Amino acid sequence: MASEGTTAPRSASKYAPEERTAIGIAFGNTNSSIAFTFDDRVEVIANEDGDRQIPTILSYIDGEEYYGTQAKSFLVRNSKNTVAYFKDLLGRDFASIDPSYCHASAHPQETNGEVTFTIIDKASSEDGEAAAPSTVSVHDIATRYLKRLVGSASDYLGRKVTSAVISVPSNFSDAQRQAIVKAADAAELEILQMITDSAAIAAAYAARIDSETAANEDATAEHKKDKIVVIADIGGTRTDATVISSSAGMATVLTAVHDYEFVGAALDKVLIDHFAKEFAKKNKGIDPRENARSLAKLRLEAEATKKALSLGSNGSFSVESLADGIDYTATINRFRYETLARPVFDGINRLVESAVTKAGLDLIDVDVVLLSGGTAHTPRIADSMRTLFNDTATIVAPSTIPAATNPSELQARGAALQANLVRDFDAEEIEQSAHPMVSTVQHTSLAVGVIAQSAAGEVFTPIIAAESAVPVRRAILLPAPKDGGDILLRFAEGSTHVNTVVKAKAAKSDDDSDDSDVDSEDEEDEEERSKGWKVQNVLAEAALRGVKKGAKIEVAISIRADMGVSFTAREVGGKAAIRGSL
Amino acid sequence: SLSADWAAEGDIKRIKTLSAGAHRSLEPVGPQYLAHARRMRHNRTFSEDDRI
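Right under this line is the structure:
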């Protein structure tokens, strides 16, 4: 959506396809990751620290540069020379940045209209005199970080990484995109293509479904080609809810909603506040949040506890010398945490719901909810999505589908898959392929299908889903009426509507749900909502004559780029057939 | 289920054309998209593309 009408930023450094080694990079504000495709297998690369989620942090101690987890630990005792949360500062005016996440590390400042940091990144001289601080632009910080990231990938692969596909939020401006390409150029990294985070996530998911479908031919019904997918990408400092129409592996964004409040950092804050208050209660009212170093320790440990609570039902929290030299150890169970964090979880729910509404859809229209981002590991979020979607959509998260792809890895995987696809292309070819002239196509506004007689009367069966990109071609098999004979097929456009049937209060109200806290809403009558089809326009009628008893009819519809429609209907293994176009 | 008085030339009765669609942007990502881009750039149809 935000990319509409814009051309992709071009990387200046160019490599011939055969000289390229291309990786996928998910460059986040909080964490980044790198991935590579070996044949058809994607591997998220661990850096030399063994991390696959590499904190987007850079730190300097005595001229030595640290990045990732090592740099993150220096937020406690070397916060002034540590730069964190800098990705969102790239390509922006100083006046428009939100520096609140940078308070705990080096502060951004303005130098000649550029966002810069003052850090001591040089070694002290031999006579022990401290080095003078340098002013480093956020651009240089990003370059240095990307160099380290690419260096880790090169070390792992044993050859120099030359190129990458990198993913960015869909509401990134052209200036922000250009700034990332410029930083990559300076790091001698060729950006083959810049894709949106949601497209990367969708690609990683689609690749997985494709491979599962290939492995299991019978799975076609479950893995139908056209789906409405909601991607809830819940990160450390931002959450994006994107509704996409996925048509045979091609994704069209219907709406995207961005939020900076209901994020992973808000969950950390819930735990920070909880433990800080507990500590104060036990220690004469000393609030560790009032001391920068204590707060930094709290923050690191709260995040670790949060991660533990995603995996187990108990999390321990312990910090040595938290404040005033006092050690602190405590535990928290998942239920308590979920109660405290409820406002954040509710906020994520509202965000997802608002994205679906904004797309002009009902929750019941959604086929798949794909949870992505580090915070998506939280089991409670998957649970509340299941409740929100009333079990009509498949919720893809580790706690609902144990074999689901790690939500932290989806973006890097998608970028790596794309890197593998485009690495053989010339830069011009990639640019032309992504050009709006090519990517912008007509999408059907209604579903197109066939009305057939059945025992239950006339039934509309959709063949091509609404919001399908044209040209498109789909076919289905329909059972012919029992007696065969001459059949009237009516081709029509249809839309979905929601049938609401109010059921009397369920007999077993003591549902076995795990949240046994008294919920007054459960007292109401249950409404059962189901999706129905309504015929909008009959496009054509066709007669199929002489169909045998109990035969099957294959009905195919194709829509051309000019929105012209062709249809065929034929009896499987029989003579009756008809073909027409509009 | 075909009523006796139903008749049309070639057994097809055309009633309406498809309602207007909307122009939207595909995400330029994934093998299916690249196949689409290839068809667009060479102005090929599905079946022409399959043959190559």
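Line by line, the protein sequences are chains W and D. Note that the working numbering has the first sequence beginning at 450, numbered continuously upward. Note that the working numbering has the second sequence beginning at 352, numbered continuously upward. Where a beta carbon is used, it is the ideal one built from N, C-alpha and C, also for glycine. The model shown is predicted, which means the values in this text are computed figures rather than measured ones.
Using 8 angstroms as the threshold, is the C-beta distance between W/R923 and W/I1002 below it?
If you number the first sequence from 1, residue 923 of chain W lands on position 474. If you number the first sequence from 1, residue 1002 of chain W lands on position 553. No, they are not a contact pair.
When you check each C-beta in the region 877-893 of chain W against every C-beta of chain D, which residues fall closer than 7 angstroms?
For the region 877-893 of chain W, which is checked against every Cβ of chain D, the residues closer than 7 angstroms are Q881, S882, A883, P885, V887, S888, T889, V890, Q891, H892, T893.
Kindly list the residues whose CB is nearer than 6 angstroms to the CB of W/E750, restricted to its own chain and excluding five residues on each side of it in sequence; keep chain order.
Position 301 of the first sequence, counted from the first residue, corresponds to residue 750 of chain W. Hits under 6 angstroms: F766, V768.
Looking at the C-beta of W/T611, does it have a partner C-beta in chain D at a distance below 8 angstroms?
Translated into positions along the first sequence, residue 611 of chain W becomes position 162. For W/T611, the answer is no, since every Cβ of chain D falls outside 8 angstroms of its Cβ.
Would you say D/E360 faces chain W, with C-beta separation under 8 angstroms as the test?
In the second sequence, counting from the first residue as 1, residue 360 of chain D sits at position 9. D/E360 does not count as touching chain W.
Cα-Cα, which of W/L538, W/I590, W/A690, W/L598 is closest to W/V702?
The residue given as residue 702 of chain W occupies position 253 in the first sequence. With distances taken between Cα atoms, W/V702 lies closest to W/A690.
CB-CB under 7 angstroms to W/I879, same chain, minus the five flanking residues each way: which ones, in chain order?
Position 430 of the first sequence holds residue 879 of chain W. Excluding positions up to five away in sequence, the list reads L641, Q642, V871.
What residues of chain W sit near D/H374, judged by a beta carbon separation below 9 angstroms?
Indexing the second sequence from 1 puts residue 374 of chain D at position 23. Going along chain W in sequence order, the residues near D/H374 (Cβ under 9 angstroms) are T889, V890, Q891, H892.
If you measure between the beta carbons of W/D682 and W/S695, is that distance less than 8 angstroms?
As a first step, residue 682 of chain W is located in the first sequence; it is residue number 233 there, counting from the start. As a first step, residue 695 of chain W is located in the first sequence; it is residue number 246 there, counting from the start. Not in contact: W/D682 and W/S695 (Cβ atoms no closer than 8 angstroms).
Determine the chain D residues that contact W/N986 at a beta-carbon separation under 7 angstroms, and present them in chain order.
Position 537 of the first sequence holds residue 986 of chain W. Within chain D, the residues near W/N986 are K367, S370.
With a cut-off of 8 angstroms on the beta carbons, I'd call W/L716 and W/I590 a contact; round off their distance for me.
Locating residue 716 of chain W in the first sequence gives position 267, counting from the first residue. Locating residue 590 of chain W in the first sequence gives position 141, counting from the first residue. Not really, about 27 angstroms apart at Cβ, beyond 8 angstroms.
Please name the residue or residues paired with W/P504 in a DSSP beta bridge.
Residue mapping note: residue 504 of chain W aligns to position 55 of the first sequence, counting from 1. Bridge partners of W/P504: W/N480.
Considering only their Cβ atoms, is the gap separating W/G823 from W/G713 smaller than 8 angstroms?
Along the first sequence, read from residue 1 onward, the residue named residue 713 of chain W stands at position 264. Along the first sequence, read from residue 1 onward, the residue named residue 823 of chain W stands at position 374. A contact, by the Cβ cut-off of 8 angstroms.
If we define contact as Cβ-Cβ less than 8 angstroms, is D/D356 a contact residue for chain W?
The residue given as residue 356 of chain D occupies position 5 in the second sequence. Judged by the 8 angstroms Cβ criterion, D/D356 is not in contact with chain W.
Could you give the DSSP three-state label for W/P517: helix, strand or coil?
As a working mapping, residue 517 of chain W is identified with position 68 in the first sequence. With the sequence shown as reference, residue 517 of chain W is identified as Gly, and Pro is not the correct amino acid for it. Here W/G517 sits in coil by DSSP.
Take the Cβ of W/K957 as the centre, count every other Cβ of all protein chains shown within 10 Å, and call the residue buried at 16 or more, exposed below.
Position 508 of the first sequence, counted from the start, is the residue given in the question as residue 957 of chain W. Note that W/K957 scores 48 on pLDDT, short of 50, meaning its location in the model is unreliable; the coordinates nonetheless yield the value given after this. Exposed, by the Cβ-count rule.
Run through chain W and tell me which residues come within less than 8 angstroms of D/H393, C-beta to C-beta.
Start at 1 with the first residue of the second sequence, and residue 393 of chain D comes out as number 42. The contacting residues do not exist; D/H393 stays about 11 angstroms from chain W at best.
Answer yes or no: does any C-beta atom of chain D fall closer than 8 angstroms to that of W/I569?
Within the first sequence, numbered from 1, the residue matching residue 569 of chain W stands at position 120. No, because no Cβ of chain D sits closer than 8 angstroms to the Cβ of W/I569.
For a quick check, are the C-beta atoms of W/V996 and W/I900 less than 8 angstroms apart?
As a first step, residue 996 of chain W is located in the first sequence; it is residue number 547 there, counting from the start. As a first step, residue 900 of chain W is located in the first sequence; it is residue number 451 there, counting from the start. Contact flag unset, no.
Report the residue from W/F485, W/P466, W/T479 whose alpha carbon sits nearest the alpha carbon of W/I472.
The residue given as residue 472 of chain W occupies position 23 in the first sequence. Answer by Cα proximity: W/F485.
Since D/K367 contacts W/N986 with CB under 8 angstroms, what's their CB separation in whole angstroms?
Looking up residue 367 of chain D in the second sequence gives position 16. Looking up residue 986 of chain W in the first sequence gives position 537. So it is a contact: roughly 5 angstroms between Cβ atoms.
Just to make sure I have the definition right: I need the residues of chain D whose C-beta is within less than 9 angstroms of the C-beta of W/T645. Which are they?
Taking the first sequence and counting its residues from 1, one reaches residue 645 of chain W at position 196. Result: E378, V380.
Going residue by residue through the region 838-864 of chain W, where are the continuous beta strand (DSSP E) segments of at least 3 residues, counting only ones entirely within it?
For the region 838-864 of chain W, whole beta strand (DSSP E) runs of length 3 or above, ordered along the chain, are 843-845.
Entirely within the region 670-739 of chain W and at least 3 residues each: give me those beta strand (DSSP E) ranges in chain order.
With a minimum length of 3 residues, the continuous beta strand (DSSP E) runs that stay inside the region 670-739 of chain W are 675-683, 688-696, 699-708.
Can you give me, in chain order, the residues of the region 922-945 of chain W that have a beta carbon less than 7 angstroms from any beta carbon in chain D?
Answer in chain order: R922, P930, D935, I936, L937, E942.
From the DSSP output, which residues share a beta bridge with W/F909?
Residue numbering aside, residue 909 of chain W sits at position 460 when the first sequence is read from its first letter. Note: W/F909 sits in a beta bridge opposite W/I900.
If you drop the 5 nearest sequence neighbours on each side, which residues of the same chain put their C-beta closer than 6 angstroms to that of W/E976?
Looking up residue 976 of chain W in the first sequence gives position 527. Closer than 6 angstroms at Cβ, skipping near neighbours: T949, V951.
So what's W/L638 in DSSP terms, helix, strand or just coil?
Counted from its first residue, the first sequence places residue 638 of chain W at position 189. W/L638 falls in the coil class under three-state DSSP.
Where W/I677 and W/V817 are concerned, what is the direct C-alpha to C-alpha distance, given to the nearest angstrom?
By one-based count along the first sequence, residue 677 of chain W stands at place 228. By one-based count along the first sequence, residue 817 of chain W stands at place 368. The alpha-carbon atoms of W/I677 and W/V817 are separated by roughly 7 angstroms.
Mind checking W/E916: buried by the 16 CB within 10 Å criterion, or exposed?
In the first sequence, counting from the first residue as 1, residue 916 of chain W sits at position 467. W/E916 is buried by the Cβ-count criterion.
Closer than 9 angstroms, Cβ to Cβ, to anything on chain D: give me those residues from the region 680-706 of chain W, in chain order.
Per Cβ criterion, the list reads I693, S694, S696, A697, G698, M699, A700, T701, V702, L703.
Measuring alpha carbon to alpha carbon, tell me which residue in W/V1014, W/L1031, W/K998, W/S1030 is nearest W/E1020.
Numbered from its first residue, the first sequence carries residue 1020 of chain W at position 571. When each option's Cα is compared against that of W/E1020, the closest is W/K998.
Do W/A831 and W/T849 have their CB atoms nearer than 8 angstroms?
Looking up residue 831 of chain W in the first sequence gives position 382. Looking up residue 849 of chain W in the first sequence gives position 400. Yes.
Which whole-angstrom value describes the C-beta separation of W/V1004 and W/I925, a residue pair presumed to lie in contact below a C-beta threshold of 8 angstroms?
Position 555 of the first sequence, counted from the start, is the residue given in the question as residue 1004 of chain W. Position 476 of the first sequence, counted from the start, is the residue given in the question as residue 925 of chain W. So it is a contact: roughly 6 angstroms between Cβ atoms.
Would you mind telling me which residues of chain D sit closer than 9 angstroms to W/I1027, beta carbon to beta carbon, in chain order?
Looking up residue 1027 of chain W in the first sequence gives position 578. The contacting residues are G361, D362, I363.
Which value, in whole angstroms, describes the spacing of the CA atoms of D/E378 and W/I1027?
As a first step, residue 378 of chain D must be located in the second sequence, where it is residue number 27. As a first step, residue 1027 of chain W must be located in the first sequence, where it is residue number 578. Going from the Cα of D/E378 to the Cα of W/I1027 covers about 36 angstroms.
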